[in-house]
Amino acid sequence: MAKSPEEEHPQKAFGWAARDSHGILSPFQFSRRENGDEDVTIKILYCGVCHSDLHCCKNEWGFTRYPVVPGHEMVGIVTKTGKKVTKFKEGNNVGVGVIVGSCKKCETCQQDLENYCPQCIFTYNDSYHDGTKTYGGYSNIVVVDQRYVLRFPDNLPLDSGAPLLCAGITVYSPMKYYGMTEPGKHLGVAGLGGLGHVAVKFGKAFGLKVTVISSSPGKQAEAIDRLGADAFLLSSDPAQIKAALGTMDFIIDTVSAVHPLDPLIALLKLNGKLITVGLPNKPLQITIFPLVLGRKLVGGSDIGGMKETQEMLDFCAKHNITSDIELIRMEEINTAFERLAKSDVRFLAILTLTKLAYLQKTLGWVAIDPTEGFISLPLNQSNFIIQWPYDVPQDQRYKFVDGIHKLRVYSSDKPHTPTSQTRPRTEIRIHGYDYSSGVWQFEGYGYVPRGTSGVCIMQVFGASPSHATTLMLRVYNDSLTYYQSPVLDPNIYNRWFRLNVVHDVEGSTVKVYIDGALLYEAPGRGGTSHYFKCGVYAQNDDSYLMESHWKGIKVFKKCD
Ligand SMILES: [Zn+2]
Ligand SMILES: [Zn+2]
Numbered sequence: 001m002a003k004s005p006e007e008e009h010p011q012k013a014f015g016w017a018a019r020d021s022h023g024i025l026s027p028f029q030f031s032r033r034e035n036g037d038e039d040v041t042i043k044i045l046y047c048g049v050c051h052s053d054l055h056c057c058k059n060e061w062g063f064t065r066y067p068v069v070p071g072h073e074m075v076g077i078v079t080k081t082g083k084k085v086t087k088f089k090e091g092n093n094v095g096v097g098v099i100v101g102s103c104k105k106c107e108t109c110q111q112d113l114e115n116y117c118p119q120c121i122f123t124y125n126d127s128y129h130d131g132t133k134t135y136g137g138y139s140n141i142v143v144v145d146q147r148y149v150l151r152f153p154d155n156l157p158l159d160s161g162a163p164l165l166c167a168g169i170t171v172y173s174p175m176k177y178y179g180m181t182e183p184g185k186h187l188g189v190a191g192l193g194g195l196g197h198v199a200v201k202f203g204k205a206f207g208l209k210v211t212v213i214s215s216s217p218g219k220q221a222e223a224i225d226r227l228g229a230d231a232f233l234l235s236s237d238p239a240q241i242k243a244a245l246g247t248m249d250f251i252i253d254t255v256s257a258v259h260p261l262d263p264l265i266a267l268l269k270l271n272g273k274l275i276t277v278g279l280p281n282k283p284l285q286i287t288i289f290p291l292v293l294g295r296k297l298v299g300g301s302d303i304g305g306m307k308e309t310q311e312m313l314d315f316c317a318k319h320n321i322t323s324d325i326e327l328i329r330m331e332e333i334n335t336a337f338e339r340l341a342k343s344d345v346r347f348l349a350i351l352t353l354t355k356l357a358y359l360q361k362t363l364g365w366v367a368i369d370p371t372e373g374f375i376s377l378p379l380n381q382s383n384f385i386i387q388w389p390y391d392v393p394q395d396q397r398y399k400f401v402d403g404i405h406k407l408r409v410y411s412s413d414k415p416h417t418p419t420s421q422t423r424p425r426t427e428i429r430i431h432g433y434d435y436s437s438g439v440w441q442f443e444g445y446g447y448v449p450r451g452t453s454g455v456c457i458m459q460v461f462g463a464s465p466s467h468a469t470t471l472m473l474r475v476y477n478d479s480l481t482y483y484q485s486p487v488l489d490p491n492i493y494n495r496w497f498r499l500n501v502v503h504d505v506e507g508s509t510v511k512v513y514i515d516g517a518l519l520y521e522a523p524g525r526g527g528t529s530h531y532f533k534c535g536v537y538a539q540n541d542d543s544y545l546m547e548s549h550w551k552g553i554k555v556f557k558k559c560d
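Mapping to UniProt numbering: the sequence shown position 153 is 153, numbers consecutive.
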């Protein structure tokens, strides 16, 4: 049998991993290979959050193998070096980007173009030479062959320098290869996301005239005032476009959404070049006539080789080029992912935003997968019995959309039956798995919008007389609490969290895990029949509107 990620290699490691296509990250224990002769072991300090990480965690490209630890813009300190390592010493600041291996023998490898090697190995979600899986930079340590490790120049900030390892080289390499470095020439940058904003900075450093081309008028101030672009071209304004026809020597197109190329080609002068680095997921059309008549070129480019990536970092250090970032803590990653995903909607033209980097939590902690040793029981919509205020139609309080259960209730609502004396509720009662013995587990991804308060969002029903429940998890003003106290998590609003509740009937305990971390263990409260519920059930000091969302609900039972 294959070894577990934790036992596969000798160096213990921990990180944050997505376990399924919900793309929610939670703590993950795994291991890294022994530091070989050519290897360096790196303590990771910062890692950029790239749009690719989000796509991969949600399996949007269809080839994700879970669990996946993302991150390919990592910066840290060398802690171990192998016998044959000549490039680095312990204590050096280094970076690791999108690739961690290649064959070293083929024509492209010999030309320092490892990124185009047919056997190139990606930093995460790939297989290493020994067949084991690669895990990325959302973790505490990494072991990498020295050839794929970059020296981080002393005056380049570790945090805002990290995204250069992906976004930076993605635009630097084509600018060099296609000759977009001649001072005074006119460069167009299409799209102003993570790639575009670095392209503007490189363009200015090369002495080019830079025009940002965008469909968002709101980007004008950012382009000109903050990034120092010379001009801004609103792609939806025909008058502006007309005035700019045939004026550009090159355009670097960073847009990943499906978009027309002919209008961009029309902006090019004779011999102009349009270079695409975004990756639209459908073919784009090109009219050939203007290419032929204007001797124009359309090309592409994918990151860069190790030698050129080093050159790019040194160039950035010399010209004070960094990425615009927002520093976040590891625990905030799921919220950061949501924000990344949302900006797709607001700025359709710009899919690659590299605006976030996270600070690796330096304290050690222990996390386990609470479902280990349990079996998942089959569930479908018929296992979910909905309880809602009896006098309104169900769809006014409960909706099931795109795999998400959305439940709401008002403090003025009626109970769920005409005869009930209880407070109003809209809840999912798990049906078909009532239990009276054994160890049972509820898992679900929950979300509580800001403002919802004084409400029970999850319960283990059933207890000895005088109690009705073995567990209530409530929300009061952003805090998740065990009944009224204690507080288990002080910041529960507006983020998806993974909740696991383990009820051991004979052992008379109930354990609560959030995002894989054990937060609370409470005594059982007796009772002869139990089941799980989640949703919104009004308690004391309730807000007028109470709402919670749930997805990925599962019920587990401990294996005998
Ligand atoms: Zn990236
Ligand atoms: Zn090769």
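Using N, Cα and C, we set each Cβ at its ideal position, and we do this for glycine too. These numbers come from a predicted model, not from an experiment.
Unbroken beta strand (DSSP E) run spanning Y148, endpoints: Taken as a continuous stretch (DSSP letters only), Y148 belongs to no beta strand (DSSP E), as it is neither H nor E.
Whose CA, out of S236, V200, A205, M180, lies closest to the CA of E222? If we check each option's Cα against that of E222, V200 comes out closest.
Note down, one range per segment and in chain order, each alpha helix (DSSP H) of at least 4 residues found wholly within the stretch 161-203. When DSSP assignments are scanned along the stretch 161-203, the uninterrupted stretches of alpha helix (DSSP H) that are 4 or more residues long and fall wholly within it turn out to be 167-177.
Where L291 sits in the DSSP three-state scheme: Residue state, collapsed to three classes: helix.
Measuring alpha carbon to alpha carbon, tell me which of I141, N500, D504 ends up nearest T470. The shortest Cα separation from T470 among I141, N500, D504 belongs to D504.
Using beta-carbon positions only, say whether I42 and G76 come within less than 8 Å of one another. Taking 8 Å as the Cβ cut-off, I42 and G76 qualify as a contacting pair.
Say the cut is 7 Å; is the CB of E338 nearer than that to a heavy atom of ligand 1? For E338, the shortest C-beta to heavy atom distance toward ligand 1 is 7 Å or greater.
Which residues DSSP lists as bridging M546, in chain order: For M546, which the question treats as bridged, DSSP gives the partners V409.
Give me, in chain order, the residues of the same chain whose beta-carbon lies closer than 7 Å to that of Y135; leave out the 5 immediate sequence neighbours on both sides. Cβ-Cβ distances below 7 Å link Y135 to G15, F30, V69, Y124 in the same chain, with the five nearest sequence neighbours on each side left out; the list follows chain order.
Between the alpha carbons of K414 and V401, how many angstroms are there, rounded? If you take the alpha carbons of K414 and V401, they lie about 25 Å apart.
Beta-bridge pairing of E114 - partner residues as DSSP gives them: When beta bridges are read from the DSSP output, E114 appears opposite no residue.
For ligand 1, is there any heavy atom lying closer than 7 Å to the beta carbon of S256? Every heavy atom of ligand 1 is 7 Å or more from the Cβ of S256, so no.
Inter-stretch contact (C-beta, 8 Å, three-pair minimum) for the stretch 544-560 and the stretch 371-387: With a cut-off of 8 Å, the stretch 371-387 and the stretch 544-560 count as touching, because enough Cβ pairs lie within range.
Given that a residue counts as buried once 16 or more other Cβ atoms are within 10 Å of its Cβ, and exposed if not, what is L245? Classification of L245: exposed, given that the 10 Å Cβ count is below 16.
Pairwise C-alpha distance: K511 and L158: The straight-line gap from Cα to Cα measures roughly 39 Å.
Is the beta carbon of I303 closer than 8 Å to that of Y178? Not closer than 8 Å, so no.
Kindly list the residues whose CB is nearer than 8 Å to the CB of V189, restricted to its own chain and excluding five residues on each side of it in sequence; keep chain order. Same-chain partners within the cutoff: G196, A199, V200, G203, V210, T211, V212, I213, A229, I251, I252, T254.
Taking DSSP's pairing of strands, which residues face M458 in a bridge? According to DSSP, M458 shares a beta bridge with L473, C534.
Who are S214's beta bridge partners in DSSP? Per DSSP, L234.
Around the C-beta of L61, are 16 or more other C-beta atoms found within 10 angstroms, so that it is buried, or is it exposed? Here residue 61 is Trp; the residue named in the question, Leu, does not match the sequence. Per the 10 Å Cβ criterion, exposed.
For ligand 1, any of its heavy atoms closer than 7 Å to the Cβ of H72? A heavy atom of ligand 1 is found nearer than 7 Å to the CB of H72.
Identify, in the order they occur along the chain, each residue of the same chain with its Cβ nearer than 7 Å to the Cβ of L45, setting aside the five sequence neighbours on each side. Taken in chain order, the residues that qualify are V75, G76, I77, L158, Q360.
Would you call the stretch 103-115 and the stretch 299-319 in contact, with 3 or more CB pairs under 8 Å? Three or more beta-carbon pairs separated by less than 8 Å link the stretch 103-115 to the stretch 299-319, which places the two stretches in contact.
Spatial distance of E372 from G23 (CA atoms): Answer to the nearest angstrom: the Cα atoms are 19 Å apart.
Per DSSP, L25 forms a beta bridge with which residues? When DSSP reads this structure, L25 sits in a beta bridge with A18.
Coarse secondary structure for Q285, derived from DSSP in three states: For Q285, the secondary structure class from DSSP, reduced to helix, strand or coil, is coil.
Helix, strand or coil: which one does DSSP assign to L274? Strand, per DSSP.
Taking only the alpha-carbon atoms, compute the straight-line gap between E547 and L518 and give it to the nearest angstrom. Approximately 25 Å between the Cα atoms of the pair.
Near T362, what residues of its chain come up, given a Cβ to Cβ distance below 8 Å and the 5 sequence neighbours on each side ignored? Confidence is the limiting factor: at T362 the pLDDT is only 26, short of 50, which leaves the residue's position unreliable, though a coordinate-based value still follows. Annotation for T362: no residue places its beta carbon closer than 8 Å to its own, counting only its chain and skipping 5 residues before and after.
Rounded C-alpha distance that separates D541 from S453: When rounded, the separation of the alpha-carbon atoms in D541 and S453 is 7 Å.
I need the residues with a C-beta less than 5 Å from some heavy atom of ligand 2; please give them in chain order. Here the residues come out as S102, C103, C106, C109, C117.
Through-space distance from I333 to A13, alpha-carbon basis: Approximately 19 Å, taken between the alpha carbons.
Given 7 Å as the limit, tell me if S52 has its C-beta closer than that to any heavy atom belonging to ligand 1. Indeed, a heavy atom of ligand 1 lies less than 7 Å from the Cβ.
Going straight from the alpha carbon of K472 to that of S464, what length do you get? Looking at the sequence itself, residue 472 is Met, so the reference to Lys does not match. Taking the straight line joining both Cα atoms gives about 15 Å.
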